[in-house]
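Letter 4 of the sequence shown, counting from 1, is numbered 81 in this note's numbering, and no numbers are missing.
Take a look at the structure below.
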Amino acid sequence: MLEVINLSSGYGDIKVLKEINFSVEKGNIALILSLNGGGKSTLLKTLGGLILPSEGRILYDGIDITHASPRQRVNYGILLLPEWGIVPNLTIKENMILSASSRKGTAERNVLDTLRNFPELASRYENKASSLSGGQRKLLIMAMAMISGADMLLLDEPSSGVSPIYVDKIMESINIMKEGGKSFIIAEQNPSFTDIADYLMVMDLGRIQVQGKPKEIIKNIEIKNRFFSL
Numbered sequence: 078m079l080e081v082i083n084l085s086s087g088y089g090d091i092k093v094l095k096e097i098n099f100s101v102e103k104g105n106i107a108l109i110l111s112l113n114g115g116g117k118s119t120l121l122k123t124l125g126g127l128i129l130p131s132e133g134r135i136l137y138d139g140i141d142i143t144h145a146s147p148r149q150r151v152n153y154g155i156l157l158l159p160e161w162g163i164v165p166n167l168t169i170k171e172n173m174i175l176s177a178s179s180r181k182g183t184a185e186r187n188v189l190d191t192l193r194n195f196p197e198l199a200s201r202y203e204n205k206a207s208s209l210s211g212g213q214r215k216l217l218i219m220a221m222a223m224i225s226g227a228d229m230l231l232l233d234e235p236s237s238g239v240s241p242i243y244v245d246k247i248m249e250s251i252n253i254m255k256e257g258g259k260s261f262i263i264a265e266q267n268p269s270f271t272d273i274a275d276y277l278m279v280m281d282l283g284r285i286q287v288q289g290k291p292k293e294i295i296k297n298i299e300i301k302n303r304f305f306s307l
């Protein structure tokens, strides 16, 4: 379980996050829904160790990781997956092997097994990542997440800049990984992700305005008008 307790964070003297509290059970998908400037990306960077909080605590399986480095958090099983994690001059296969490098017993056959879930990538796995479209790059990030040894994956706007077809493929891959035991915290503007979320947090102005079961929260007229009428 990941627990966030009275967390505040930001950039220098600028406080972006204010008194954030929530928890995510293992095997669950938690969605942070927010428009631009709401603080969702700053929250993921803080959870991933790229920004250290000014106040509060982050616990993972009861261990205090508040001041742990990104590498230490990876060792604990928490991984922030940005698109710039792809190395353009390497092939799809080589990028995946890099992502799996810390996983014991992983070899090329494990890459091929994982790519069975991504036929669009499997058919060109010897191609350079630089040849991929925006949607295919997002799928490669999902494939890298799937083969990684991480248990808790942090995804920052995985649907950004891709067509609805690829959004569906991304959500399908997230569900496959959930069935395999992985947990997710996803920061998004796209309300479609409420379809796969177990837990929903709506952020604005650096605070969680409301959190709980998605079906209950989206009944709120103000939230419906703000996100579901876009």
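Every residue gets a Cβ at the ideal spot worked out from N, C-alpha and C, and that includes glycine.
From a predicted model like this one, the values you see are computed outputs, not experimental measurements.
When the Cα of residue 212 is compared with those of 243, 185, 259, which residue comes out closest? Nearest of 243, 185, 259 to residue 212, Cα basis: 243.
Close-in-space but distant-in-sequence residues of the same chain around residue 206 (CB under 8 angstroms, 5 per side omitted): Here the set comprises 163, 164, 165, 166, 167, 168, 169, 172, 214, 217.
heavy atom of the ligand MG below 8 angstroms from residue 83 C-beta: In the structure shown, the ligand MG is absent, as is every other ligand, since no ligand is present at all.
So residue 255 and residue 104 are in contact, right, with Cβ under 8 angstroms, and what is the actual spacing, rounded? Rounded, the Cβ-Cβ distance is 7 angstroms, consistent with contact.
Range covered by the beta strand (DSSP E) that runs through residue 279: Note, residue 279: beta strand (DSSP E), 276–281.
Cβ shell of residue 144 (< 7 angstroms), same chain only, five flanking positions each side left out: Beyond the five residues adjoining it in sequence on each side, residue 144 comes within less than 7 angstroms, by CB distance, of 129 in the same chain, given in chain order.
Is the beta carbon of residue 227 less than 9 angstroms from the beta carbon of residue 140? No.
Let me make sure I understand the geometry here. Which of 281, 94, 223 has the alpha-carbon closest to that of residue 131? Comparing alpha-carbon positions, the option among 281, 94, 223 lying closest to residue 131 turns out to be 94.
Under a three-way DSSP split, which group does residue 190 fall into? For residue 190, the secondary structure class from DSSP, reduced to helix, strand or coil, is helix.
Hey, could you find the ends of the beta strand (DSSP E) residue 87 is sitting in? Per DSSP, residue 87 belongs to the beta strand (DSSP E) from 79–88.
Nearest-angstrom Cα separation, counted from residue 89 out to residue 175: Rounded to whole angstroms, residue 175 to residue 89 spans 33 angstroms at the Cα level.
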